[in-house]
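Participant:
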Amino acid sequence: MKAGTPSRRGFLRGTGFVAVGLATGGTIIFAPDYAWALSTTAIDAHTAQTLLVVARQLFPHERLGDQYYAAVVDAVDKQAAGDPGVRKVVTEGVARLDGARGIPWIQLSNGARIAVLKSMEGSEFFSTLRTATINNLYTNPLVYRYFGFEGSSVEYGGYINRGFDDIGWLPSS
Amino acid sequence: MAKTFELKDDSVVVVIGSGAGGGTLSNELAQRGVNVVCLEAGPRLTLADIVNDNATMFSRLSWLDKRIGSGDLNPTLPLWVCKTVGGTTVHWAGASLRFQEHEFRVRTTYGGIAGANLLDWPITLQELEPFYTRAEDKMGVTGTHDIPRLPGNNNFKVMAAGAKRVGYTHVHTGNMAINSEPRDNRPACHQIGFCMSGCAIGAKWSTLYTEIPKAESTGRFEIRPNSMVVKINHDDTGKVTGVIYADQTGALHEQKARVVCIAGNSVETPRLLLNSESSKFPNGLANSSGQVGRNYLRHMTGTVYAIMPGRVNFDRGTQMAGIVKDESRHDPSRGFAGGYEMETLPGFGLAGVATNTIPGAWGVDYAKIIEMYDHFAGMWLVGEDLPQADNRVTLHPTEKDQHGMPVPIVHFKDHANDVAMRNHAYKAGTAIYQSLGAQQVFELPPFPNTHNMGSCRQSEKPQDGVCNKYGQTHDIANLFISDGSQFTSGGAENPTLTIVALAIRQAEYVAGQLTKKEI
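Listed in order, the protein sequences are those of chains A and U. Reading the first sequence from the start, the letters are residues 10 to 182 in this note's numbering. Reading the second sequence from the start, the letters are residues 808 to 1326 in this note's numbering.
Quick look at the structure:
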């Protein structure tokens, strides 16, 4: 992580993440316990932080740690790095979230955050984030196991001997 | 083994597309001693390229060249079909059902229905039966030719138990072109799941590893992958003489031909005819009727998911694992003409369930629904939709693809009959799951179209359609329609078996005509 010189460091209010802004414009976000880190190149610390909360707000699963949602932000950052249009949508979307109630969106109450997101349902920002969350959260094999989706089976010989017909609760008539 | 033909060889039959229609036709012709060049727009994969990952295989197999959907269709992905050697037989689920007798006589049986462009087929079930039999044998269809049916998985057992409770009696694990025991040098199904991402062991019939290599072994067949046909040429007498295609680099070539057979699926087939306009045929080839591209069919479809009281793991095993056939009859007392099938279908993984269960949904309530993933059961509803003249494929006036060919516009709007049937089917599917105590039931709108038919239909009279009962175009004797585009109507059944049966029949006809020097 020698992408640049830290220009700012501090606890982000409301969530406990540690964000390190980089002079290159990117950022590194650490989990409160430093169990994982996310580095971005195209989006700044505040945007990354906000997107992480947006992803969880869209599909909130208590069983999933933030690192899985951070992977969504990572994917959006990569998209934004390759496509200025996406970068603009994301940056402007976060600005709209923040502008809705006069204080940064991530500092709003849960109910207020939902209400603001709801008001943006038809926007390109919203659909971009919703699609990105589905495509990067629910396609993660580490996430599958929390939901009982078993993923690739061919390497285990399929389910012919592994319970394809093991249902036990059906009534007999 | 595999032969190559020269571009200037004008003795060959050129087949465009290598799926259920084109792949089968190619092999059947080659087996009869005819030289065939098959031009396939997509690349040639092997079983090693097939992995159990929906997203990877979607991008590896799908036809993603630009198409514009309008009406009720997804605007950017109106169809879900394949661009690869083997065509959509790599992706298909394997359901192999014969059309019913009345489905070849829809105008006679259903009568005049406002807004519908109904027409009887120029062929009867009786005429097609011997070819259905050969198709089932070729494909190894379970429940035919003494081939045992597949065992039912959990998702089937749920559907079957519920169907029994609501009083349905025609319920079984289907007629599937998936080996239930080793056959034709292919193994039996391992209940892997992911059938529609391609069968990684080749237990499911696909022309990719059946018809294509068999044709190659005759020494009379060449397949050219990555070859996108953009135009069909003709001479002053109106006979077709060859095709122009773009290779992988985009370079154009002309392959000469004695006969041209088009099997590009029901958007590409009319698109190619329309794009082959000339001063002699200003409205496109084989289009004196004005019917090319019209009467496009995609089946009435819908999906029902349910959260059941216990674990189902609906993605374990064969995706289309069984069927309820009771509603496939024509019974106008239900409020619509024609019928529909109910077939199991799982959710295309976690991302598929999140995307499709309630389109556009999000938030804590929806997250809780997704958390019930392993309790989901699911079925697909598929029934006859009615041909309508304005449901059609046209060419975009200005927008072109990477080969300079106009982008196709696919327009489809449900007929009132389609809507009435879908609503009936939703209720029937919901009742099945509710009879077992489903906690929540979801009625999903149609996915992008997988069953594409009708856009160059067969007709007795040349003014009513594009081709005759052999798929031979009314206007041009050496030009054939060889895929589902030639369907006069859609039936309630998954179309592939009928496409294969028609291809076998067409091969016999074409070979005979060549021998008699009629074409």
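Yeah, the Cβ is synthetic: ideal placement off N, Cα and C, and Gly gets one too. Computed from a prediction, not measured in an experiment: that's the story for all the values here.
Using only the heavy atoms of the ligand NAP, determine whether one of them is closer than 7 Å to the beta carbon of residue 1309/U.
Facilitator: As presented, the structure is devoid of all ligands, the ligand NAP included, so that no description of it is given.
Participant: Name the DSSP beta bridge partners of residue 985/U, please?
Facilitator: 1011/U
Participant: Can you find at least 3 beta carbon pairs, one from the stretch 1093-1108 of chain U and one from the stretch 1257-1272 of chain U, that sit closer than 8 Å?
Facilitator: yes
Participant: Could you check if residue 1089/U is buried or exposed, using at least 16 other CB atoms within 10 Å of its CB as the buried criterion?
Facilitator: exposed
Participant: Would the beta-carbon of residue 1126/U fall within 8 Å of that of residue 1274/U?
Facilitator: It is not a contact, given that the beta carbons lie outside the stated cut-off.
Participant: If I measure Cβ to Cβ from residue 996/U and keep anything under 7 Å in the same chain, skipping five residues before and after, which residues do I get?
Facilitator: 957, 985, 986, 987, 1010 and 1125
Participant: When you compare only the Cα positions, how much space is there between residue 1241/U and residue 1111/U?
Facilitator: Rounded to the nearest whole angstrom, the CA to CA distance from residue 1241/U to residue 1111/U is 11 Å.
Participant: Could you list which residues in chain U have their beta carbon closer than 8 Å to that of residue 114/A, in chain order?
Facilitator: In chain U, no part has a C-beta under 8 Å from the C-beta of residue 114/A; the shortest such distance is about 16 Å.
Participant: Going along chain U in order, which residues have a C-beta closer than 8 Å to the C-beta of residue 117/A?
Facilitator: None at all; the shortest Cβ gap to chain U is about 15 Å.
Participant: Thinking just about the alpha-carbon of each residue, which of 1130/U, 1258/U, 1189/U and 1154/U is nearest to the one in residue 959/U?
Facilitator: Comparing alpha carbon positions, the residue from 1130/U, 1258/U, 1189/U and 1154/U closest to residue 959/U is 1130/U.
Participant: With a threshold of 16 other CB atoms inside 10 Å of the CB of residue 131/A, please say whether the residue is buried or exposed.
Facilitator: exposed
Participant: Do you know how far the Cα of residue 999/U is from the Cα of residue 166/A?
Facilitator: 7 Å
Participant: Tell me the rounded alpha-carbon separation between residue 1058/U and residue 1050/U.
Facilitator: 14 Å
Participant: Please confirm if residue 163/A has its CB atom under 8 Å from at least one CB of chain U.
Facilitator: yes
Participant: Inspect the beta-carbon positions of residue 1190/U and residue 1232/U and report whether they are closer than 8 Å.
Facilitator: yes
Participant: Three or more C-beta pairs under 8 Å: does that hold for the stretch 918-936 of chain U against the stretch 1017-1024 of chain U?
Facilitator: Short answer: they don't touch.
Participant: Around the C-beta of residue 809/U, are 16 or more other C-beta atoms found within 10 angstroms, so that it is buried, or is it exposed?
Facilitator: exposed
Participant: Since I believe residue 968/U is in contact with residue 180/A (beta carbons under 8 Å), could you give me their beta-carbon distance rounded to a whole number of angstroms?
Facilitator: 7 Å
Participant: My output table needs one value for residue 899/U: the three-state DSSP class, helix, strand or coil.
Facilitator: coil
Participant: If contact is defined by three or more beta carbon pairs under 8 Å, each pair taking one atom from either stretch, is the stretch 837-852 of chain U in contact with the stretch 1294-1306 of chain U?
Facilitator: no
Participant: So residue 1249/U is in the alpha helix (DSSP H); what residue range does that whole segment cover?
Facilitator: From DSSP, residue 1249/U is part of no alpha helix (DSSP H) but of the beta strand (DSSP E) over 1247-1251.
Participant: Could one say the Cβ of residue 77/A lies closer than 8 Å to chain U's Cβ atoms, at least one of them?
Facilitator: no
Participant: When DSSP labels each residue in this structure, what does residue 1262/U get in the three-state scheme?
Facilitator: coil
Participant: Could you list the residues in the stretch 917-938 of chain U with a C-beta less than 9 Å from some C-beta on chain A, going in chain order?
Facilitator: none
Participant: Counting only Cβ-Cβ distances shorter than 7 Å, please list the residues of the stretch 131-146 of chain A near chain U, keeping chain order.
Facilitator: 139, 143 and 144
Participant: Looking at C-alpha atoms only, which residue of 1252/U, 1243/U and 1219/U is the closest neighbour of residue 1230/U?
Facilitator: 1252/U
Participant: What span of residues does the beta strand (DSSP E) with residue 1299/U cover, start to end?
Facilitator: Segment: none, residue 1299/U is in no beta strand (DSSP E) and carries neither H nor E.
Participant: Quick one, are the C-beta atoms of residue 1250/U and residue 1109/U less than 8 Å apart?
Facilitator: yes
Participant: Under the three-state reduction of DSSP, which class applies to residue 1149/U: helix, strand or coil?
Facilitator: strand
Participant: Over what stretch of residues does the beta strand (DSSP E) that includes residue 1186/U continue unbroken?
Facilitator: 1183-1190
Participant: So what's residue 69/A in DSSP terms, helix, strand or just coil?
Facilitator: DSSP, read as helix, strand or coil, puts residue 69/A in coil.
Participant: Opposite residue 1040/U in the DSSP bridges: which residues?
Facilitator: Residue 1040/U is bridged to 1049/U.
Participant: Starting from the beta carbon of residue 1171/U, find every residue of chain A whose beta carbon is closer than 7 Å, and list them in chain order.
Facilitator: 69
Participant: Give a yes or no on whether the minimum CB-CB distance between residue 180/A and chain U is below 8 Å.
Facilitator: yes
Participant: Does the pairing of the stretch 1137-1144 of chain U with the stretch 1176-1188 of chain U give three or more beta-carbon distances under 8 Å?
Facilitator: no
Participant: Which full runs of the beta strand (DSSP E) of 3+ residues lie inside the stretch 1187-1233 of chain U, going along the chain?
Facilitator: 1199-1207 and 1213-1219
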